[in-house]
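Residue numbers (my numbering), protein chains in the order written: chain A, 3 to 251; chain B, 30 to 390; chain C, 5 to 80.
Yeah, the Cβ is synthetic: ideal placement off N, Cα and C, and Gly gets one too.
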Amino acid sequence: MALTKVFTRPDSLRDLDFHFCPGCHHGTAHRLICEAIDYHGIKKKTIGIPGVGCGVFLYNYFDLDVCEAPHGRAPAVATGFKRVLPQNIIFTYQGDGDLGSIGMSEIIHTANRGENITVFFINNSVYGMTGGQMAPTTLPGQKTTTTPYGRDFRTEGYPIRMTEMLAPLEGVAFAARVSLHTPSQVKKARKAVLRALDIQLKNGGFSFVEFLCACPTNWGLSPRQCIEKIDKEMLQAFPLGTYKDRQGS
Amino acid sequence: MSERKILRGCVALAEGAIAAGCRFYFGYPITPQNDIPEYLSARLPQVEGVFIQAESEIASINMLLGAAAAGARAMTSSSGPGISLMQEGLSYMAGSELPGLVVNITRIGPGLGGIAASQGDYRQATRGGGHGDYHLIVLAPNSVQEMYDLTIKAFYLADKYRNPAMILSDAILGQMKEPLSLDPPPLVLPEKPWALTGARGRKAQLIKSLYLADGEMEQHNWHLHEKYRRLEREEVLVETDLEEKMEVLLVAFGSCSRMVHSAVELARSRGIRVGFLRPVTVYPFPRQALREVSREVGKVLVVEMNTGQMWDDVRLSLYPGCRAGLLARPGGGIPAPGQILAEIENLVKAGDGIDESVYQA
Amino acid sequence: MNRIEIRDESCKGCQYCVIFCPRELVQIDKGRINALGYNPARFVDNPDRPCRGCALCAEICPDALIEVYRKEKGRS
Ligand SMILES: Cc1ncc(C[n+]2csc(CCOP(=O)(O)OP(=O)(O)O)c2C)c(N)n1
Ligand code: SF4
Ligand code: SF4
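Listed below in structure tokens is the structure:
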């Protein structure tokens, strides 16, 4: 009996090996976004804007127009793009240091203006590219290269929950947190990515998807242990769900 | 078909931007440049343009980066502290070869400083200002007419060289009302095949400043360097008012050059043979012109509203043997023509050669 | 027969596919080291519990290396 190919790489994702470490979920996020771009048939009008972090090389992998942005400023760059090209689809792709620390001002104000763009937020609870320092999302007690004794909330504060912060803003049409650590969560994540871009296509306003991701290298864990850590620790600190969907579905 | 009007400098500049086809403005309030965003917030919607009051100058410059990468003529304006905040973005724009206009209606620094006119940002403007090996294209108007004309010119140069341009002005020129003729050149927007508009009908493309492969960055910097050399060869603008057998040459830029030119005329009325040279582009600096003129004259007096920033460029340019003194006002005061005249007379009396010293007016 | 194809020369041996295959049909090939320096994953079908074509392995592979082929009709 003939076999049908039922799962393959999306067309928008170039046939190139990722530079990511083994078990890093950046790759999964890349694939889901490309799948959604293919699904919506928007490859020829989509422009991607990666932040600075392990995701900066997005331009190597996505077969789209891509513009680099300074660390944390991708939402402002995206604003400039969208105002010039309102018919195009504009997304940013930012890590937690990029978006939740240095770029906190840009993300809040871009969301609050209700810019009709989509933001993909990679929360791996550390600074990946620079070698595993504390991020604003680092869990209490988590050891990083700058919290060698574990993050102490008395001096270093608590993990910032971006999705919960952004969802109440009037300008935000869609805000969801998903995880990439099991196949069933990946399937839910796919839906959120599709929905976020769909909202932009319908001029619905600002859409935001936070992905819980592993950084095996800087967590010092095997990929297998990472799945456990996400399941036991990350999900507690960062509850999954759709926090806002203004248009309903 | 030229139209005569009386406008404030900031408004003339804003109209120059509109005439240049700029339809996108991003900025954050700061004195003494608020006339520009306030005017454009009303004016841009009339021409289907976009005005955004950004949350900070950091956001402003990065919105400009995005709009420029999308192929639009776009601008921001600010002053002192705000321009400092923009430096990272400017460095990225230069590194990614993106055109765009940044207006600096300067105030006095360092720090919060003061809001009176100053030329203390000359070094930041002409050296690049941010990190790395780059320059902005910097034009320094000295009249309301030039606030208009040079703004149009700045957009043109920025696109031609794919490099951010700056108008370096100050509160005097920004607030001053003068008659001007609005006589814009025909608007021809250049093709921008490098712009990112979605990969329709062509391959996907990329705008970036990150080069990690062996030797790539060095090659990129040589490429940028060649662009700056070309600017220095082809785009220098300088105004001169020279005489035969000059005893002293005065050099000044921007608003300050107006007082200096008045002093030159005063000196001439007293029989002193004085020349005048004004860099209109402060980057590229009119090095060659200055070298040639200074060959004919032994003494130069630089007058600046800072502690002698352009003075450095002047001394690097002079013909060997020619010396330059400095009359400096770094605190918001404007050198009066009478003070400048007194200094000219001192120099003439000083005989051959002068001390390269700072005169505090 | 349903089956998967793993682009094993690009595999980083993270084992996610091994962990999530409900029929334990993906293994790490300890006897091989690919050009990237990893022991790659390998598909070993088992007639007693054959591949369902569920694509869970492909879904979880962070490097998008797995293609899934399914019989056109029926399930096994
Ligand atoms: C202005 C500035 N400061 C610091 C850096 C250095 N830097 C590069 S990436 C990064 C953090 C990356 O972490 P994150 O955003 O969480 O992304 P990840 O690498 O974890 O995906 C930092 C601090 C920079 N490039 N620019
Ligand atoms: S350092 Fe962390 S975030 Fe970066 S590629 Fe490796 S695993 Fe992924
Ligand atoms: S999930 Fe992908 S990268 Fe990881 S072991 Fe399996 S095939 Fe290799």
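Kindly indicate the opening and closing residues of the beta strand (DSSP E) around residue i.
i      : result
B:L186 : Segment 173 to 190 is the alpha helix (DSSP H) holding B:L186; no beta strand (DSSP E) there.
C:K75  : 70 to 75
B:A194 : 193 to 199
B:G149 : Careful: B:G149 lies outside any beta strand (DSSP E) and carries neither H nor E.
Please list the partners that residue i has in chain F, where partner means a Cβ-to-Cβ separation under 9 angstroms.
i      : result
B:T180 : Absent here is chain F; the protein component of the structure consists of chains A, B and C.
Between the options, which lies nearest to residue i when the distance is taken from Cα to Cα?
i      : options                        : result
A:L15  : A:H32, A:V8, A:A4, A:F9        : A:H32
B:L218 : B:E325, B:I373, B:K182         : B:K182
B:R358 : B:A281, B:P315, B:S291         : B:A281
A:A71  : B:M104, B:I87, B:T105          : B:I87
A:E235 : A:W221, A:Y245, A:K246, A:T244 : A:W221
C:D52  : C:E28, C:Q19, C:K16            : C:E28
A:G74  : A:K204, A:E108, A:T81          : A:E108
B:G45  : B:M104, B:A296, B:P193         : B:M104
A:E166 : A:F240, A:M136, A:P150         : A:F240
B:E273 : B:V326, B:K378, B:H160, B:Y312 : B:V326
A:H183 : A:C36, A:I124, A:Q89, A:R115   : A:I124
B:L260 : B:I166, B:L94, B:V267          : B:I166
B:V293 : B:V277, B:L345, B:I112         : B:V277
A:C215 : A:P138, A:S209, A:C26, A:D100  : A:C26
B:F305 : B:Y312, B:H290, B:Q317, B:F314 : B:H290
Grab the span of the alpha helix (DSSP H) containing residue i for me, first residue to last.
i      : result
A:P225 : 225 to 231
B:L370 : 366 to 378
B:L279 : B:L279 -> not in any alpha helix (DSSP H); beta strand (DSSP E) instead, spanning 277 to 280.
A:K7   : Counting along the chain, A:K7 falls outside any alpha helix (DSSP H), though it belongs to the beta strand (DSSP E) covering 5 to 9.
B:S346 : 338 to 346
B:M104 : That residue, B:M104, is in no alpha helix (DSSP H); its beta strand (DSSP E) goes 103 to 107.
B:A41  : 38 to 48
Please list the partners that residue i has in chain B, where partner means a Cβ-to-Cβ separation under 8 angstroms.
i      : result
A:S209 : Per Cβ cutoff of 8 angstroms: no residues; A:S209 is ~18 angstroms from chain B at best.
A:H111 : A83, E84, A88
Just to make sure I have the definition right: I need the residues of chain C whose C-beta is within less than 7 angstroms of the C-beta of residue i. Which are they?
i     : result
A:R11 : A68
A:R33 : A68
If you measure between the beta carbons of residue i and residue j, is that distance less than 7 angstroms?
i      : j      : result
A:A177 : A:L168 : yes
A:A191 : A:R248 : no
A:V68  : A:G50  : yes
B:L133 : B:D150 : Checking the sequence shown, residue 133 of chain B turns out to be Asn, not Leu. Cβ atoms of B:N133 and B:D150: closer than 7 angstroms.
A:I162 : A:G102 : yes
B:P61  : B:A200 : yes
B:Y57  : B:S85  : yes
B:R136 : B:S108 : yes
B:S323 : B:L295 : no
A:G29  : C:P44  : no
B:L231 : A:K46  : The sequence shown places Arg at residue 231 of chain B, rather than the Leu named in the question. No.
B:G38  : B:V131 : no
B:V309 : B:V267 : yes
A:Q135 : A:T146 : yes
A:R153 : A:P170 : no
Residue i versus chain C: which residues are under 8 angstroms apart at the beta carbon?
i      : result
A:T184 : F24, I64
A:L101 : Correct list: empty, because the minimum Cβ distance to chain C is about 21 angstroms.
A:C26  : P66
If the cut is a Cβ gap below 9 angstroms, which residues of chain A does residue i touch?
i      : result
B:L216 : Within chain A, no residue comes near B:L216; the closest Cβ sits about 17 angstroms away, beyond 9 angstroms.
What residues of chain A sit near residue i, judged by a beta carbon separation below 7 angstroms?
i     : result
C:E71 : K7, F9, T10
C:A39 : Within chain A, no residue comes near C:A39; the closest Cβ sits about 10 angstroms away, beyond 7 angstroms.
C:L60 : P185
Is it right to say residue i is buried, meaning 16 or more other beta carbons lie within 10 angstroms of its own, or is it exposed?
i      : result
A:A303 : The structure shown has nothing for residue 303 of chain A, since chain A only spans 3 to 251.
A:F155 : exposed
B:Q248 : exposed
A:K84  : buried
B:L397 : Residue 397 of chain B lies beyond the stretch modelled for chain B, which goes from 30 to 390, so this question has no answer here.
A:I35  : buried
C:A62  : buried
B:L225 : buried
B:V40  : buried
A:E230 : exposed
A:S251 : A caution first: A:S251 carries a pLDDT of 49, below 50, which makes its placement in the model unreliable, though a value can still be read off. Answer is exposed; the Cβ neighbour count stays below 16.
Using 6 angstroms as the cut-off, classify the Cβ of residue i as near or not near the heavy atoms of ligand 4, replying yes or no.
i      : result
A:I124 : The model depicted lacks ligand 4 and carries ligand 1, ligand 2 and ligand 3 instead.
Quick one: list the residues of chain B neighbouring residue i, beta-carbon separation under 7 angstroms, in chain order.
i      : result
A:V121 : Within 7 angstroms Cβ-Cβ: nothing; A:V121 doesn't reach chain B, min ~14 angstroms.
A:I49  : L225, G227
A:K46  : G227, A228, R229
A:P72  : N91, E117, G118, Y121
What does residue i touch in chain B if you count any residue whose Cβ is under 9 angstroms from its own?
i      : result
A:Y245 : The premise fails here: A:Y245 is roughly 23 angstroms from chain B at the closest Cβ pair, so nothing lies under 9 angstroms.
Which residues of chain A have a Cβ atom closer than 8 angstroms to the Cβ of residue i, listed in chain order?
i     : result
B:F53 : G82, R85, V86
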